[in-house]
DNA sequence: ATCCAGGCCCGAT
DNA sequence: ATCGGGCATGGA
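Residue numbers (the UniProt record's numbering): 1 to 296.
Pasting the structure below:
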């Protein structure tokens, strides 16, 4: 991986195991806006990013080397050796081979804790486009203006202070439905320090999950997503409707199987690398409609 | 129209 | 412990 400066842009060359589209569009993140093929606007960490992938190079438009190194390389998880991860997973279970081959460029983003928590509370029983829309609305109404790309204005996800001003009625107005009280409870526990990122990061996997589940509206699935996508627990294995179907197809002969059994199966097969396996499987399974009626 | 979506709560067994 | 109904809203 080589970083160089070209006029106002920063270019990363010789990057491997990375695909911008696969990484952004695989359901882990809701703040990306497609401009064109491999050309995206991303909002994260209170910043606006216009990024493109061209001929296996990553181009960060109008950025400094410092910001790319401090914010975006960690955000895209570019310092991690995914070759090693894939090797481990393939060795432990060759069932994963088609998924890993096709979704070769997926990386797990390191997203902000509060935004990830709020976003995945919203995500329950919703489709991704609608989740994206709600997170965008929250940002427009309560975040800061960041700038404009291709004539479209972008706003940061509200910080803790801005978030604590949002009432349950506000959440309802933003079409969060029955999740509004859950969101208010999360905001309350965050602002009073009952839920504290630094404290949770020091906990073991089981205890971190339990702590997050003290929030109303946070169950195993949401807790696991928050842990995997924003707290660095790469062994977390969120089981949603897709993963359930995929695992049933791959390992249980298509038979209806409880999430508990599926979770145990994943732990045994993938261990510390469960989160990566989950992402490869989720993206692959969703794109190929694994376990779903194909003529839909 | 009816069903379901990156689920979870709650009450009934 | 486990199961099923209900839940706001929008898209297929």
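Note that beta-carbon positions come from the ideal geometry of N, C-alpha and C, so glycine has one too.
Can you tell me where the beta strand (DSSP E) holding residue i begins and where it ends?
i: residue 52; result: 47-54
Under the assumption that residue i contacts residue j (Cβ atoms under 8 Å), give the Cβ distance between them as a whole number of angstroms.
i: residue 3; j: residue 65; result: 6 Å
i: residue 89; j: residue 270; result: 6 Å
i: residue 17; j: residue 82; result: 4 Å
i: residue 40; j: residue 24; result: 6 Å
i: residue 262; j: residue 289; result: Going by Cβ atoms, the distance from residue 262 to residue 289 rounds to 19 Å, so no, they are not a contact pair.
i: residue 103; j: residue 22; result: 6 Å
i: residue 236; j: residue 275; result: 5 Å
i: residue 121; j: residue 182; result: 5 Å
i: residue 273; j: residue 108; result: Incorrect: roughly 11 Å between the Cβ atoms, too far for contact.
Helix or strand or just coil, what does DSSP make of residue i?
i: residue 296; result: Confidence is the limiting factor: at residue 296 the pLDDT is only 37, short of 50, which leaves the residue's position unreliable, though a coordinate-based value still follows. Correct three-state label for residue 296: coil.
i: residue 171; result: helix
i: residue 290; result: coil
i: residue 59; result: strand
i: residue 256; result: coil
i: residue 162; result: helix
i: residue 285; result: helix
i: residue 20; result: helix
i: residue 108; result: coil
i: residue 25; result: coil
Per DSSP, which residues does residue i bridge with? Please list them.
i: residue 34; result: 40
i: residue 149; result: 152
i: residue 2; result: 13
Can you tell me where the alpha helix (DSSP H) with residue i in it begins and where it stops?
i: residue 190; result: 180-191
i: residue 139; result: 128-142
i: residue 113; result: 113-122
Is the closest heavy atom of the ligand SAH to the C-beta of residue i under 7 Å?
i: residue 141; result: In the structure shown, the ligand SAH is absent, as is every other ligand, since no ligand is present at all.
Worksheet item: Can you list the alpha helix (DSSP H) stretches of 4 or more residues lying completely in the segment 62-100, in chain order?
Response: 82-92
Practice prompt. Would you mind listing the alpha helix (DSSP H) stretches within the segment 192-278 that are 4+ residues and don't spill past its ends, in chain order?
Written response: 197-201, 205-212, 220-230, 241-251, 259-270
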